[in-house]
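A.B. asks:
Residue numbers (the UniProt record's numbering): 1 to 297.
(1) Flag this pair as touching only if the region 74–89 and the region 21–28 have three or more C-beta atom pairs under 8 Å; answer yes or no.
(2) Thinking just about the alpha-carbon of each residue, which of 26, 137 and 188 is nearest to the one in residue 122?
(3) Would you kindly report the start and end of the unbroken alpha helix (DSSP H) that includes residue 48?
(4) Between residue 197 and residue 158, what straight-line distance do the alpha-carbon atoms span, to the nearest angstrom?
(5) CB-CB under 7 Å to residue 130, same chain, minus the five flanking residues each way: which ones, in chain order?
(6) With the cut-off set at 8 Å, would you say residue 93 and residue 113 are in Cβ contact?
(7) Could you have a look at residue 89 and say whether DSSP puts it in helix, strand or coil?
(8) I think residue 199 touches residue 237, with their Cβ atoms under 8 Å apart; what is that distance to the nearest whole Å?
(9) I'd like to know whether the C-beta atoms of residue 57 and residue 110 end up nearer to each other than 8 Å.
(10) Measure the C-alpha to C-alpha separation of residue 106 and residue 74 and round it to an integer number of angstroms.
(11) Please classify residue 97 as buried or exposed, where buried requires at least 16 other C-beta atoms within 10 Å of its C-beta.
(12) Between residue 161 and residue 210, is the Cβ-Cβ spacing less than 8 Å?
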């Protein structure tokens, strides 16, 4: 069994709760000190240590124990729920959530938030219950968010799902307001522990802009996503941004330019062995090529 340091436990628990170092440090100490504690470069003072434990919702002696069975269990449950949701096994995810809702270890507000959040996703996509999904996801947000404050990384992830629900129901005013709030919060965050959150925001917001026929705005968001992928060496969403940009260029009537981005998207999907998306891109390419040939003739 692995022996874990105090710094490692703090970092692992912080990340499992969707908190950035800045979120954890707020009202306690500097972000730099949290970074040094997590890297075991310094030992926190007693008051800092107890305040960190309190914010993370764990008893102080938990961090002093040699082994970490309870956290291992929580992380495994979260992993299994995420996996089932990502694979669209919503009924199985709901079964896990139903069981763990009775488990006292999930009484912590941030762990309960995770369960409510993913239950809301299942309610929407499996039960097709928009109202119930929105109600649960809003309850999940209220467990951690204070009115008037910026949103944390996890809260931003939850908000993206909420905006998606609204978009799917064509309630674009509601989703647009959420994306604007997310944008403000991302600007306020000096550090993101997971850059993929920003990519998810940019991609989903670009879809929203396309839905309301703001094609140039959608393209700007795709461009930002492409630049971010290049800066951080991400293939994650790289093909999707190219594909989405191509679709918006088609909507603007810029078909030749659109073709280049659809071809780039297919090439990226091929590299990723993403056969489904590669086939979708290929069909769009052939349809666009046929349209361009008819225009020439």
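All C-beta atoms, glycine included, are put in the ideal place defined by N, C-alpha and C.
C.D. replies: So, to answer that:
(1) These segments do not touch.
(2) 137
(3) 46–56
(4) 10 Å
(5) 124, 165 and 169
(6) Cβ distance not < 8 Å, so residue 93 and residue 113 don't count as in contact.
(7) coil
(8) Between residue 237 and residue 199 the Cβ distance is about 5 Å, and since that is below 8 Å, they are a contact.
(9) yes
(10) 8 Å
(11) buried
(12) Result no, Cβ atoms of residue 161 and residue 210 do not sit closer than 8 Å.
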